[in-house]
Amino acid sequence: TALELTVLEARDRLGGTIETEHAGGFLVETGPDSFLSEKPWGLALCRRIGLESRLVGTDDRFRRVFVWFGKRLHPVPDGFQLLAPTRLTPFITSSLFSWPGKLRMALDVILPRGGGGDESLGAFVRRRLGREALERIAQPLVAGIYTADPDELSLLATMPRFVELERRERSLIVGL
């Protein structure tokens with residue numbers, strides 16, 4: 004029996020954001036490779052479809068995240084909670100951010116609350132922490148989870164915790 008199949012792909016190759024690259028002697032796998040286990044829905048889905056036994060958790064002894072920027076890998080500063088820093092010294096000494104970028108992110112502690120409604124994840128990060136925080140931390144980390152453009156993701160649907168932090172504490176940095 005003949006099967007007719009139509010494949011729609013926005014890029015010039017199949018696979019979307021899933022890709023293997025060679026950079027600086029390293030093999031770099033791009034695209035989604037994880038989900039936030041603090042959200043129960045991903046784990047519940049894995050249980051329901053029989054994949055729970057195949058999940059591989061992280062080992063905190065080796066838990067280290069790197070971001071490729073400026074032709075080299077930079078470690079995400081210790082204490083970073085997905086979008087914002089929680090520890091001053093690792094953030095200040097990090098090579099991932101420029102000094103103007105660090106100062107812009109620090110403004111989070113004095114910025115007013117937002118309107119409280121939904122906005123894109125990208126707009127939220129730019130508003131609270133600045134463009135550099137979006138480009139160098141939020142976008143790479145979010146791409147590994149959602150394989151999507153942060154400007155196309157609803158903040159309420161993906162990271163409601165940060166909406167609540169801003170509402171309750173005003174500042175992400177203070178709230179974390």
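Everything in the sequence shown is counted per the working numbering, starting at 4 for the first residue and increasing by one. We put the beta carbon where it would ideally sit given N, CA and C, even for glycine. Please read all numbers here as calculations on a predicted model, not as lab measurements.
Would you give the residue range spanned by the beta strand (DSSP E) that ALA26 belongs to?
Residue mapping note: residue 26 aligns to position 23 of the sequence shown, counting from 1. Per DSSP, ALA26 belongs to the beta strand (DSSP E) from 22-26.
Count the CB pairs spanning the region 157-176 and the region 78-98 that are closer than 8 Å, and state whether there are at least three.
With the cut-off at 8 Å, the region 157-176 and the region 78-98 touch.
Enclosing alpha helix (DSSP H) for PRO143 [first to last residue]
Here residue 143 refers to the residue found at position 140 of the sequence shown. 142-149 is the span of the alpha helix (DSSP H), which, as asked, contains PRO143.
By how many angstroms is the C-alpha of THR20 removed from the C-alpha of ALA136?
Taking the first residue of the sequence shown as 1, we reach residue 136 at position 133. Taking the first residue of the sequence shown as 1, we reach residue 20 at position 17. Cα to Cα, the separation comes out at about 21 Å.
In terms of residues, what are the limits of the beta strand (DSSP E) holding PHE100?
Counting from one through the sequence shown, the residue named residue 100 turns up at place 97. Note, PHE100: premise wrong, no beta strand (DSSP E); not H, not E.
What separation, rounded to the nearest whole angstrom, lies between the Cα atoms of LEU99 and VAL79?
As a first step, residue 99 is located in the sequence shown; it is residue number 96 there, counting from the start. As a first step, residue 79 is located in the sequence shown; it is residue number 76 there, counting from the start. So the two alpha carbons sit approximately 7 Å from each other.
Touch check for the region 43-54 and the region 101-113: three-plus C-beta pairs under 8 Å?
no
Could you tell me the alpha carbon to alpha carbon distance between PHE94 and LEU17, rounded to whole angstroms?
Here residue 94 corresponds to residue number 91 of the sequence shown, with the count starting at 1. Here residue 17 corresponds to residue number 14 of the sequence shown, with the count starting at 1. In a straight line, the C-alpha of PHE94 is about 38 Å away from that of LEU17.
Suppose the cutoff is 8 Å on Cβ atoms and the five residues either side in sequence are ignored; what does the same chain contact list for HIS25 look like?
Here residue 25 corresponds to residue number 22 of the sequence shown, with the count starting at 1. When the five nearest sequence neighbours on each side are left out, the beta carbons in the same chain lying within less than 8 Å of the beta carbon of HIS25 are those of VAL31, in order along the chain.
Boundaries of the alpha helix (DSSP H) in which LEU38 is found, first to last residue
Position 35 of the sequence shown, counted from the start, is the residue given in the question as residue 38. Sequence check: residue 38 is Phe here, not Leu. Here PHE38 belongs to no alpha helix (DSSP H), and DSSP marks it neither H nor E.
As a quick exercise: from ARG139, GLU7 and GLY53, pick the residue whose alpha carbon is nearest that of ARG75.
For the purposes of this step, residue 75 is identified with residue 72 of the sequence shown, where counting begins at 1. When each option's Cα is compared against that of ARG75, the closest is ARG139.
Hey, which unbroken runs of the alpha helix (DSSP H) at 4 residues or more fall wholly within the region 61-145?
91-96, 102-109 and 124-132
Could you tell me the distance, in whole angstroms, from the CA atom of ALA160 to the CA atom of THR4?
For the purposes of this step, residue 160 is identified with residue 157 of the sequence shown, where counting begins at 1. For the purposes of this step, residue 4 is identified with residue 1 of the sequence shown, where counting begins at 1. If you take the alpha carbons of ALA160 and THR4, they lie about 42 Å apart.
Three-state secondary structure assigned by DSSP to VAL166:
Start at 1 with the first residue of the sequence shown, and residue 166 comes out as number 163. Of the three classes helix, strand and coil, the one that applies to VAL166 here is helix, per DSSP.
Paired residues, beta bridge with THR33 - DSSP
The count along the sequence shown starts at 1 and reaches residue 33 at position 30. Per DSSP, GLU22.
Range of the contiguous alpha helix (DSSP H) that encloses ILE52:
The residue you call residue 52 lines up with position 49 of the sequence shown. If you look at ILE52, you'll find it isn't in any alpha helix (DSSP H); DSSP assigns it neither H nor E.
Could you check the C-alpha separation between CYS49 and VAL70 for me, to the nearest Å?
Counting from one through the sequence shown, the residue named residue 49 turns up at place 46. Counting from one through the sequence shown, the residue named residue 70 turns up at place 67. Each residue's alpha carbon lies about 28 Å from the other.
Taking ALA160 as part of the alpha helix (DSSP H), name the residues at either end of that continuous run.
For the purposes of this step, residue 160 is taken as the residue at position 157 of the sequence shown. It spans 158-161 - the alpha helix (DSSP H) in which ALA160 sits, taken as one unbroken run.
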